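For what it's worth, full-length UniProt numbering labels the leading residue of the sequence shown as 1, then goes sequentially. Glycine residues also receive a C-beta, built at the ideal position from the N, C-alpha and C atoms. A quick note: this is a predicted structure, and the numbers were derived from the prediction, not measured. Reading through the structure tokens given below for one structure.
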Amino acid sequence: MSSIPAGWYDDGRGAQRWWDGAQWTEHVQPGDAAVAPAAAGSVAPDASVAPDAPERPKSRLWILFVVLGVLAVALIAAAAFLLPRFIVGLLDDPELTGDEAAAAAAVELYDEAWGAEDCDAYLTATTEAFRDGMGLTDCAVFQVQAKAFTDSTDEYELDITNVTRDGESIVVDTIETFDSVLDDEGEPLDEPEPGRVAYRYVVVPAVDGLWAVDALTERR
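Take a look at the structure:
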């Protein structure tokens, strides 16, 4: 509790402000007014000195800047550590050999044949054994199946994820995504339904240096 009695005191700005014994009030008057303590009796030796005004709360905005600075330094350090490793990984990843690239091209041609309803591309991209196993041995049957495929799907994308040699054949793994636009009864869906499937193609040498799809299984 303050020991300074109520009265008019210099507010430090050339005016007198009323101190009610506990805190400053809104009442002010010119600086040449007489000091008039409300309480009788002797005035304390330091009564003529205005009490210190309460300290204003200090801004803590600096804390935010410190935190942001620490985060920025951490991100720069992480980038400096990870980026060289990422670049080295890209450089160490071997490119496809000629046969592997040809096998991957056969898989892509097979995918394009279905999307374009192109029987010639289908025959080039597959072996006779594969066509026999699929039950798609001639263009008439293929055209019917390819038309049904293109009518029921949209935005078909093929992503080759791995290519490895297995003896005389080459294995090509893919992730294939699409939107189904028809239901099981062949009726249009209100909204396309996204689909995703993982396939494994076994590709073998064909004629004229080309490769052809010889087997196709779904990966789980």
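Ignore the nearest five residues each way along the sequence and tell me which others in residue i's own chain have a CB closer than 8 Å to its CB.
i    : result
E168 : V204 and P205
D11  : R17, W24, V28 and A50
Can you tell me where the beta strand (DSSP E) holding residue i begins and where it ends?
i    : result
G195 : P188 to P205
Spatial neighbours of residue i within its chain, please: C-beta separation below 6 Å, excluding the five flanking residues on both sides.
i    : result
E157 : T177
G175 : According to the sequence shown, residue 175 is Ile rather than Gly. Closer than 6 Å at Cβ, skipping near neighbours: D159, T161 and A198.
T127 : A212 and D214
E193 : S180
A40  : Confidence at A40 is low in this model, with a pLDDT of 42, below 50, so the placement of that residue should be treated as unreliable; the coordinate-derived value is given next. The answer is none, since no qualifying residue turns up.
S152 : L182
V107 : V172 and Y201
Tell me which same chain residues have a C-beta within less than 7 Å of the C-beta of residue i, skipping the five on either side of it?
i    : result
V163 : L96, E100, A103, A104, I170 and V172
L90  : Because L90 sits at a pLDDT of 38, beneath the cut-off of 50, its placement in the model cannot be relied upon, and the point is left open.
R131 : T137
I87  : In this predicted model, I87 has a pLDDT of only 45, less than 50, meaning its place in the structure is not dependable; the value taken from the coordinates is given anyway. Counting only Cβ-Cβ distances below 7 Å, and skipping sequence neighbours, we find nothing.
Q143 : E117 and C119
P188 : V181 and L182
A129 : D214
V70  : none
F149 : W114
Per DSSP, which residues does residue i bridge with? Please list them.
i    : result
A212 : V204
R219 : A198
Which residues bound the alpha helix (DSSP H) around residue i?
i    : result
T127 : Here T127 belongs to no alpha helix (DSSP H), and DSSP marks it neither H nor E.
D111 : G98 to A116
I'd like to know if residue i contacts chain B, where contact means its C-beta is closer than 7 Å to some C-beta of that chain.
i    : result
P194 : Annotation note: the requested chain B is absent from the structure, which comprises a single protein chain.
I want to know whether the region 93 to 108 touches the region 170 to 177 - three or more CB-CB distances under 8 Å.
yes
Three or more beta-carbon pairs under 8 Å between the region 109 to 128 and the region 180 to 199, yes or no?
no
Runs of beta strand (DSSP E) lying entirely within the UniProt domain "DUF2510" (6 to 36), each at least 3 residues, in chain order:
7 to 10, 15 to 19 and 24 to 30
Which whole runs of the beta strand (DSSP E) in the region 138 to 195 are 3 residues long or more, in chain order?
153 to 166 and 169 to 182
At a cut of 8 Å, does the region 115 to 130 reach the region 71 to 78 through at least three beta carbon pairs?
no
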